[in-house]
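Okay, structure first, notes after.
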Amino acid sequence: MRMVICDDHAMFSEAFASLLSQRGHEVVSCAATPAEALVAGRRYRPDVFLLDLHFPGVHGADAVHQLRAALVGVPIVVLTAEVDAELLRQALDAGADGVVLKSEGVVEIEQVIRRAHLPPAAQRGSTPHSEKAWSRQARALAQRQARIVKDQDLT
Numbered sequence: 433m434r435m436v437i438c439d440d441h442a443m444f445s446e447a448f449a450s451l452l453s454q455r456g457h458e459v460v461s462c463a464a465t466p467a468e469a470l471v472a473g474r475r476y477r478p479d480v481f482l483l484d485l486h487f488p489g490v491h492g493a494d495a496v497h498q499l500r501a502a503l504v505g506v507p508i509v510v511l512t513a514e515v516d517a518e519l520l521r522q523a524l525d526a527g528a529d530g531v532v533l534k535s536e537g538v539v540e541i542e543q544v545i546r547r548a549h550l551p552p553a554a555q556r557g558s559t560p561h562s563e564k565a566w567s568r569q570a571r572a573l574a575q576r577q578a579r580i581v582k583d584q585d586l587t
């Protein structure tokens with residue numbers, strides 16, 4: 433699978449690109465900003481974007497929205513260390529096709545990438561959260577935080 437990794441931490445993106453290459457994937461670009469990812473996406477037409485949520489001066493959901501609008505049909509998987517379920521939901525609302533935490537293993541990350549790549553391109557960005565490709569840890573985090581909010585509403 434051809435991928436663009438977009439993360440402002442060069443050591444992470446380069447090391448992860450190397451790991452993915454060893455596992456048979458082709459990382460066509462490591463972008464440090466969403467703007468660079470957009471250029472790489474137009475140039476290489478990857479099978480999937482792996483996008484962090486934190487960039488200086490750019491909100492993660494805005495980055496997802498910009499990529500989704502410019503490159504319709506290319507799956508976007510948010511790969512982040514973010515543990516705020518609301519920010520993950522915002523990224524999904526903006527058009528991300530999947531969410532996986534950086535703390536998870538490469539096998540789980542690959543599973544989310546494959547699941548995000550499955551739906552027809554026409555459905556991208558409009559699928560309900562429950563049907564998008566959540567990793568186990570990301571889904572558990574979102575469910576746990578939802579229960580906390582619900583419990584707080586009851587008190």
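Residue numbers (the working numbering): 433 to 587. Even for Gly, the Cβ is constructed at its ideal location relative to N, Cα and C.
Between the C-alpha atoms of Val-539 and Val-531 there is a straight-line separation of about 14 Å. Check the Cα spacing between Gln-575 and each of Asp-516, Gly-527, Glu-536: the tightest is with Asp-516.
Val-504 sits exposed, since fewer than 16 C-beta atoms from the chains shown fall within 10 Å of its C-beta. If you draw a 10 Å sphere on the C-beta of Arg-500, you find 16 or more other C-beta atoms in it, and that means buried. In this model, Leu-470 and Glu-542 are separated by some 22 Å (Cα to Cα).
Rounded to the nearest angstrom, the gap between the Cα atoms of Pro-507 and Ala-442 is 22 Å. Secondary structure note for Val-538: its alpha helix (DSSP H) is the uninterrupted segment 538–549.
The beta carbon of Ile-545 sits closer than 6 Å to the beta carbons of Val-480, Val-509 from its chain, once the five residues preceding and following it are set aside; these are given in chain order.
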